[in-house]
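Peer 1:
Number of protein chains: 2
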Amino acid sequence: MVDDVQTLVAARLRRVGQRHTGGRRQLVESLARAERPLTAAELVGGDHRLPQSTTYRNLALLERAGVVHRVMGGDELARFELAEELTGRHHHHLVCVSCGSMEDFEAPGSVERGLAAAFGQFQAGTGFRAHAHRLDLLGTCAKCAG
Amino acid sequence: MVDDVQTLVAARLRRVGQRHTGGRRQLVESLARAERPLTAAELVGGDHRLPQSTTYRNLALLERAGVVHRVMGGDELARFELAEELTGRHHHHLVCVSCGSMEDFEAPGSVERGLAAAFGQFQAGTGFRAHAHRLDLLGTCAKCAG
DNA sequence: ACTTGCAATGGGAACCATTCTCGTTCTAAC
DNA sequence: GTTAGAACGAGAATGGTTCCCATTGCAAGT
Numbered sequence: 316m317v318d319d320v321q322t323l324v325a326a327r328l329r330r331v332g333q334r335h336t337g338g339r340r341q342l343v344e345s346l347a348r349a350e351r352p353l354t355a356a357e358l359v360g361g362d363h364r365l366p367q368s369t370t371y372r373n374l375a376l377l378e379r380a381g382v383v384h385r386v387m388g389g390d391e392l393a394r395f396e397l398a399e400e401l402t403g404r405h406h407h408h409l410v411c412v413s414c415g416s417m418e419d420f421e422a423p424g425s426v427e428r429g430l431a432a433a434f435g436q437f438q439a440g441t442g443f444r445a446h447a448h449r450l451d452l453l454g455t456c457a458k459c460a461g
Numbered sequence: 316m317v318d319d320v321q322t323l324v325a326a327r328l329r330r331v332g333q334r335h336t337g338g339r340r341q342l343v344e345s346l347a348r349a350e351r352p353l354t355a356a357e358l359v360g361g362d363h364r365l366p367q368s369t370t371y372r373n374l375a376l377l378e379r380a381g382v383v384h385r386v387m388g389g390d391e392l393a394r395f396e397l398a399e400e401l402t403g404r405h406h407h408h409l410v411c412v413s414c415g416s417m418e419d420f421e422a423p424g425s426v427e428r429g430l431a432a433a434f435g436q437f438q439a440g441t442g443f444r445a446h447a448h449r450l451d452l453l454g455t456c457a458k459c460a461g
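Sequences listed follow chains A and B, in order.
Following the working numbering, the numbering of the first sequence begins with 316 at its first residue and continues without gaps.
Following the working numbering, the numbering of the second sequence begins with 316 at its first residue and continues without gaps.
(1) Is B:Pro-366 buried or exposed, if buried means 16 or more other CB atoms sit within 10 Å of its CB?
(2) With A:Leu-409 as the anchor, note down where its beta strand (DSSP E) starts and where it stops.
(3) Within the same chain, show all residues whose beta-carbon is closer than 7 angstroms to that of B:Glu-399, passing over the 5 residues directly before and after it, in chain order.
(4) Establish whether the CB of A:Pro-352 and some CB of chain B are separated by less than 8 angstroms.
(5) Could you check whether B:Glu-378 and B:Leu-346 sit closer than 8 angstroms to each other, using their CB atoms as the reference points?
(6) Would you call the segment 382-393 of chain A and the segment 407-417 of chain A in contact, with 3 or more CB pairs under 8 angstroms?
(7) Expressed to the nearest angstrom, what Euclidean distance is found between the alpha-carbon atoms of B:Ala-356 and A:Asp-319?
(8) Looking at the unbroken alpha helix (DSSP H) that takes in B:Ala-347, where does it start and where does it end?
(9) Taking the alpha helix (DSSP H) that A:Leu-377 falls in, what are its first and last residues?
(10) Check the DSSP bridge columns for B:Ala-447 and list the partner residues they point to.
(11) Would you say the segment 328-338 of chain B touches the segment 420-436 of chain A, given that touching needs at least three Cβ pairs under 8 angstroms?
(12) Taking C-beta to C-beta, are A:Arg-444 and B:Ala-460 nearer than 8 angstroms?
(13) Which two residues bound the contiguous alpha helix (DSSP H) that contains A:Leu-397?
The following block contains the structure:
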């Protein structure tokens with residue numbers, strides 16, 4: 316399962332002329348294990364003790380390669396997750412307005428269909444070209460609710 | 316119209332024991348005029364030439380008072396807009412993934428109803444308490460598509 | 001009007017997540 | 001095995017945001 320992701324990542328990197336090195340493999344592994352977006356600090360301080368500069372550089376590179384996505388949550392910290400194309404799981408986020416943490420969740424199919432329909436009929440008027448949507452629930456997580 | 320907003324803001328500030336000073340009035344006026352969230356730099360460098368430290372302090376204070384909301388867009392810059400309770404306009408954002416700019420837009424009622432229904436039936440299971448939702452369209456603005 | 005107390009202000013320093021720099025190390029191809 | 005270029009890693013630099021503190025402004029009581 317995680318190995319499958321690594322294979323896909325290797326293929327993507329090769330396609331854009333980048334190597335699948337140890338540090339990049341470890342980043343992908345940490346992201347694949349988590350069921351929520353991780354901050355750079357969590358990746359640096361995780362099981363692998365990655366150096367900071369390499370971590371940020373590789374995250375940017377993996378983002379350019381379409382392997383990871385950067386998401387901004389309730390606070391100013393950037394968080395990273397694997398692209399949905401790799402995980403196969405279209406999902407949204409529960410964002411805690413108190414501590415900024417994020418959790419994944421999947422919306423009912425009816426909501427997704429409603430969104431798709433609405434976006435299709437949008438698009439006109441403005442010169443804006445929509446590629447994707449972002450649907451988050453803002454609230455208080457179990458920890459902060461006490 | 317803008318005066319109405321100022322009256323509401325004054326009432327809210329008074330309720331939490333804060334004054335409705337000139338600098339705060341100017342912040343609210345700038346935000347009320349714009350039909351999109353503004354960055355702190357745009358507010359500082361706007362028509363009124365506000366000092367930086369006072370601007371950030373007043374934005375934080377107005378946020379605590381429930382007058383303005385801080386939204387994070389495509390880039391790392393914080394943006395600010397008036398609370399929907401003051402403007403009466405429930406809206407979402409078009410976020411340009413290229414330049415980070417944001418524009419307001421209103422979703423069709425059918426989508427809003429679908430979201431409300433889905434969120435109502437959510438809530439269970441996890442200990443997460445949702446207060447609000449955030450629905451953004453990510454894409455390319457007219458300027459960047461050029 | 002004149003204090004008096006406290007909130008608000010504004011310039012600049014501090015903070016901290018992120019990015020850049022640069023010399024070293026690794027990798028892959030020849 | 002050599003070599004050219006990519007990747008690495010430590011630390012400095014950057015920049016948006018926050019903090020500090022001396023000064024100013026406001027409002028109530030005399």
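Where a beta carbon is used, it is the ideal one built from N, C-alpha and C, also for glycine.
Peer 2: By the coordinates alone:
(1) Per the 10 Å Cβ criterion, exposed.
(2) 407-411
(3) His-405
(4) no
(5) no
(6) yes
(7) 45 angstroms
(8) Counting along the chain, the unbroken alpha helix (DSSP H) around B:Ala-347 starts and ends at 337-348.
(9) Start and end: 367-379.
(10) A:Leu-453
(11) no
(12) yes
(13) A:Leu-397 -> not in any alpha helix (DSSP H); beta strand (DSSP E) instead, spanning 393-397.
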